[in-house]
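Notes for the one structure printed next.
In the numbering used here, the protein residues as written are 9 to 229.
Structural data, given as structure tokens:
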């Protein structure tokens with residue numbers, strides 16, 4: 009089992025049960041931080057001391073307060089740590105239900121498990137710890153079912169940006185201008201129209217409003 013665990017969670021009372029669970033599982037050292045910046049600094053210090061962490065358990069959302077931060081979310085914390093290219097297992101513990109965000113955590117940040125905050129969090133965390141320890145991926149059942157049912161969709165990050173822009177009420181011309189400003193390609197009006205047409209077909213939506221309703225129900229935006 010893991011020997012040294014770093015937890016990043018701004019609601020410390022959420023971690024008390026997990027801390028006891030980890031201790032009972034044989035973890036020797038647990039460090040709990042309420043800010044992503046603090047978690048990153050503790051991780052860096054552990055590397056310098058040649059006593060690295062085996063596991064990071066991180067929430068995604070952190071409430072902002074008067075303190076100035078460089079890392080504002082669990083996503084940013086994980087991305088910063090991954091840039092160091094050090095071996096570290098990562099379990100995300102969150103109420104996030106947007107499937108695309110969760111999918112990107114696995115695909116881009118190479119997290120090892122996603123535990124959804126719910127009444128059965130303790131059971132899910134126990135299963136996640138065991139799975140990750142044995143080199144397996146774990147996703148809480150209620151999220152895995154929805155995620156698995158959509159894994160065959162040919163949807164990219166570009167599509168998410170496009171759908172989010174449509175959801176905000178932007179016209180195709182406005183989206184084209186915004187994408188050009190941000191060097192997002194393709195950004196021509198014709199290309200945007202073709203992509204939206206494909207998305208409507210893929211999601212069996214009759215119009216843009218219906219399309220946004222469908223993807224929101226699926227948790228993609």
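Glycine is no exception: its CB is placed at the ideal position from the N, C-alpha and C atoms.
Note that this is a predicted model, so its numbers are computed, not measured.
*From what residue to what residue does the alpha helix (DSSP H) around residue 20 run?*
For this step, residue 20 is matched to residue 12 along the chain shown. Counting along the chain, residue 20 falls outside any alpha helix (DSSP H), and DSSP gives it neither H nor E.
_Would residue 32 and residue 11 qualify as a contact pair, given that the criterion is a beta-carbon distance under 8 Å?_
As a first step, residue 32 is located in the chain shown; it is residue number 24 there, counting from the start. As a first step, residue 11 is located in the chain shown; it is residue number 3 there, counting from the start. No, the Cβ-Cβ distance between residue 32 and residue 11 is not below 8 Å.
*Count the other C-beta atoms from every protein chain shown that fall within 10 angstroms of the C-beta of residue 103, then say buried if there are 16 or more, exposed otherwise.*
Along the chain shown, read from residue 1 onward, the residue named residue 103 stands at position 95. Flag for residue 103 reads exposed.
*Can you list, in chain order, the residues of its chain whose CB lies under 7 Å from that of residue 125, leaving out five sequence neighbours each side?*
Counted from its first residue, the chain shown places residue 125 at position 117. 101, 102 and 103.
*residue 17: buried (16+ other C-beta within 10 angstroms of its C-beta) or exposed?*
Your numbering for residue 17 matches position 9 in the chain shown. By the neighbour-count rule (16 or more Cβ atoms within 10 Å), residue 17 is buried.
*Start-to-end residues for the alpha helix (DSSP H) that takes in residue 221*: Walking along the chain shown from the start, residue 221 turns up at place 213. Where residue 221 is concerned, the enclosing alpha helix (DSSP H) stretches over 216–225.
*asked:* Would you call the segment 108–117 in contact with the segment 77–90, where contact means no fewer than 3 C-beta pairs closer than 8 Å?
replied: yes
*the segment 134–151 touching the segment 163–170, judged by at least three CB pairs closer than 8 Å*: no
_I need the straight-line Cα distance from residue 66 to residue 27, nearest angstrom please._
The residue labelled residue 66 in the question sits at position 58 within the chain shown. The residue labelled residue 27 in the question sits at position 19 within the chain shown. Using only the alpha carbons, I get a separation of about 13 Å.
*Quick one: what does DSSP say residue 198 is sitting in, helix, strand or coil?*
Residue mapping note: residue 198 aligns to position 190 of the chain shown, counting from 1. Three-state result, residue 198: helix.
*Using the Cα positions of residue 224 and residue 164, report the straight-line distance between them to the nearest angstrom.*
Sequence index remark: in the chain shown, residue 224 carries index 216 (1-based). Sequence index remark: in the chain shown, residue 164 carries index 156 (1-based). The straight-line gap from Cα to Cα measures roughly 16 Å.
*Would you mind sorting residue 20 into buried or exposed? The rule is 16 or more other CB atoms within 10 Å of its CB.*
Here residue 20 corresponds to residue number 12 of the chain shown, with the count starting at 1. Exposed, since its Cβ has fewer than 16 Cβ neighbours within 10 Å.
*Proximity winner among 185, 180, 186 and 226, relative to residue 216 (alpha-carbon distances)*: In the chain shown, residue 216 corresponds to position 208, counting from 1. Selected option, being the one with the closest Cα: 180.
*Between the C-alpha atoms of residue 213 and residue 35, what's the straight-line distance to the nearest angstrom?*
Start at 1 with the first residue of the chain shown, and residue 213 comes out as number 205. Start at 1 with the first residue of the chain shown, and residue 35 comes out as number 27. About 50 Å.
_Less than 6 Å between C-beta atoms, sequence neighbours within five positions excluded: which residues of the same chain meet that for residue 15?_
Reading the chain shown from its first residue, position 7 is the one you call residue 15. Within the same chain, residue 15 has close Cβ partners 23, 40 and 65.
*asked:* According to DSSP, is residue 56 part of a helix, a strand, or is it coil?
replied: The residue labelled residue 56 in the question sits at position 48 within the chain shown. Helix.
*For residue 13: DSSP bridge partner residues*: Within the chain shown, numbered from 1, the residue matching residue 13 stands at position 5. Partner(s): 38 and 63.
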